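Under the numbering used here, think of the first position of the sequence shown as 9, with each following residue one higher.
Backbone N, C-alpha and C fix where the C-beta goes; we use that ideal spot for every residue, glycine too.
Bear in mind the structure is a predicted one, so any value in this text is a computation, not a measurement.
Worksheet for the structure shown next.
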Amino acid sequence: MSQSVNPLFQPFKYGALSLPNRTVMAPMTRGFSPGGVPGQPVVDYYRRRAENEVGLIVTEGTGINHPASVSGDSIPLFHGEKALEGWAEVVEAVHEAGGKIVPQLWHVGMTRKKGELPNAEALPVGPSGLTLTGEQVTEPPTTEEVEQLVAAYAQAAADAKRIGFDGIELHGAHGYLIDQFFWEKTNKRTDRYGGNLVGRTQFAVEVIEACRREVGPDFPIIFRFSQWKMTDYGAKLARTPEELEQFLTPLVEAGVDIFHCSTRRFWEPEFDGSPLNLAGWTKKLTGKPVISVGSVGLNGEFTRFSEAEATDIHELTERLGDDEFDLIAIGRAVLQDPEWVKKIKEGRTDEIRAFSKESLQTLY
Ligand SMILES: Cc1cc2nc3c(=O)[nH]c(=O)nc-3n(C[C@H](O)[C@H](O)[C@H](O)COP(=O)(O)O)c2cc1C
């Protein structure tokens with residue numbers, strides 16, 4: 009291993025979670041689970057990453073037990089006997105290969121369109137029935153209905169532990185359900201789930217607390233959040249470090265172990281006057297370990313279907329070495345090449361190819 013990639017290959021330990029290196033496979037929706045059930049191709053896909061030294065795998069977003077949690081019939085579910093059996097096989101395969109894996113628990117909220125599978129009759133649900141572009145398409149759920157959503161996350165957390173996962177990741181990013189509660193444009197509620205920035209964290213707080221009650225103190229809970237939304241890359245939940253602290257404090261108190269701070273380019277400063285990125289600020293403000301992400305090894309930013317050239321990882325290892333963040337998630341590079349981490353470790357960079365959108369069609 010060359011000296012320059014050393015920081016990436018240092019072990020990581022936090023509570024019950026021990027990883028051999030600092031690499032994380034970013035959660036990536038693939039749509040290869042017919043009927044919501046992850047089958048052998050999905051088992052093999054994750055196993056290959058574990059065999060090739062990815063430190064921690066975060067699965068693609070997987071739907072909690074609510075009829076409108078996902079859009080599409082091939083998105084894996086995280087409820088029902090068959091789907092959970094499929095996930096148990098994924099876990100077993102990853103563990104056999106020496107890897108660690110957490111499921112990303114997901115509800116898409118108001119990004120779901122009326123009539124979409126797997127339950128065409130289920131209406132989209134979100135804090136105020138508003139889409140991310142402000143269109144009123146459904147009635148806001150009652151307080152009791154919101155509590156049922158909280159309970160569905162908790163059930164998924166309990167199932168994750170029962171079938172052997174190494175923790176969970178809650179998808180609180182990119183404009184999906186939890187983030188719709190965070191965002192002022194989609195949350196106009198007047199009950200305890202609405203209000204100012206801190207009030208709008210209440211849904212996430214209850215989700216985290218309910219998950220924590222199910223899994224106990226030692227089971228890692230990772231929380232993913234972002235400023236940007238799928239419909240609005242310039243959106244901000246927090247405009248200053250002070251606002252970021254107000255936003256994060258309730259989540260820390262609710263029981264988050266690790267924050268996964270989703271940005272599209274990991275090298276970009278989050279606020280004026282400091283080079284720290286969103287993960288760097290989150291670590292500084294909370295003292296919690298953080299995962300950074302965004303265009304690692306690629307020069308083209310994350311837009312799902314673009315092409316991107318491979319680049320070196322010098323800036324990444326420097327920032328990791330400076331402890332700006334603890335772990336780094338890699339998305340497209342690892343989607344396309346299961347051996348990416350190993351190739352970096354062994355200096356086989358000439359074997360790393362540019363990212364092409366064709367790779368989305370195959371489970372390499
Ligand atoms: C095909 C694809 C599917 C994705 N699906 C998810 C998802 O289910 N959950 C999530 O939090 N992020 C998802 N993302 C975002 C990635 O986790 C990651 O943050 C993003 O790709 C930036 O990392 P990269 O530049 O290394 O690809 C997806 C990205 C891609 C390319």
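Exercise. Does ligand 1 have a heavy atom nearer than 8 Å to the CB of V213?
Worked result: no
Exercise. What's the call for T67, buried or exposed, on a 16-neighbour Cβ count within 10 Å?
Worked result: buried
Exercise. What number of angstroms, rounded off, separates the C-alpha of L113 from the C-alpha of I229?
Worked result: 11 Å
For this session: Report yes or no: do the stretch 103 to 122 and the stretch 63 to 77 share at least 3 C-beta pairs separated by less than 8 Å?
Result: yes
Problem set entry | Spatially closest choice to V298 from I266, F279, D280, by CA coordinates | I266
Exercise. Taking 8 Å as the cut-off, does the CB of V13 come closer than this to any heavy atom belonging to ligand 1?
Worked result: no
For this session: Kindly indicate which residue of P126, L85, V223, S364 has the alpha-carbon position closest to the one of A24.
Result: V223
For this session: Mind checking which residues open and close the beta strand (DSSP E) that includes G180?
Result: 176 to 182
Exercise. So, S82 versus P49, is the Cβ gap smaller than 9 Å?
Worked result: no
Exercise. In its own chain, which residues sit with a C-beta less than 6 Å from the C-beta of A287, not counting the 5 before and 5 after it?
Worked result: C269, V298, S300, F333
Exercise. Leaving out five residues before and five after V116 in sequence, what residues of the same chain have Cβ atoms less than 7 Å from its Cβ?
Worked result: S77, V78, S79, Y184, L185
Problem set entry | Cut-off 7 Å between Cβ atoms - residues of its own chain near R120, not counting five sequence neighbours on either side | A76, S79, P132
Problem set entry | Continuous beta strand (DSSP E) stretch holding H322: start and end | Here H322 belongs to no beta strand (DSSP E); instead the alpha helix (DSSP H) covers 322 to 329.
Exercise. For ligand 1, is there a heavy atom less than 8 Å away from the beta-carbon of W114?
Worked result: yes
For this session: State yes or no: is the C-beta of P35 nearer than 8 Å to some heavy atom of ligand 1?
Result: yes
Problem set entry | Buried or exposed by the 16-neighbour rule on C-beta atoms within 10 Å, applied to Q188 | buried
Problem set entry | Proximity to R208 [Cα-Cα], best of T239, E326, A246 | A246
Problem set entry | Every unbroken beta strand (DSSP E) within the stretch 221 to 271, with a cutoff of 3 residues, ordered by chain | 229 to 237, 266 to 270
Problem set entry | Rounded distance between the beta-carbons of E347 and N60, thought under 8 Å | 5 Å
Problem set entry | Run of the alpha helix (DSSP H) containing P49, from where it starts to where it stops | 48 to 59
Problem set entry | R57 beta carbon less than 9 Å from that of V342 | yes
Problem set entry | With 16 other Cβ atoms within 10 Å as the buried cut-off, status of V102 | buried
Problem set entry | Close Cβ partners of G175 (< 7 Å) along its chain, the five nearest in sequence each way excluded | L25, V110, F227, P228, I229, I230
Problem set entry | Secondary structure of F211, DSSP reduced to three states | helix
Exercise. Would you report the Cα separation of K353 and R55, rounded to the nearest angstrom?
Worked result: 19 Å
Problem set entry | Where the alpha helix (DSSP H) through Q156 begins and ends | 151 to 170
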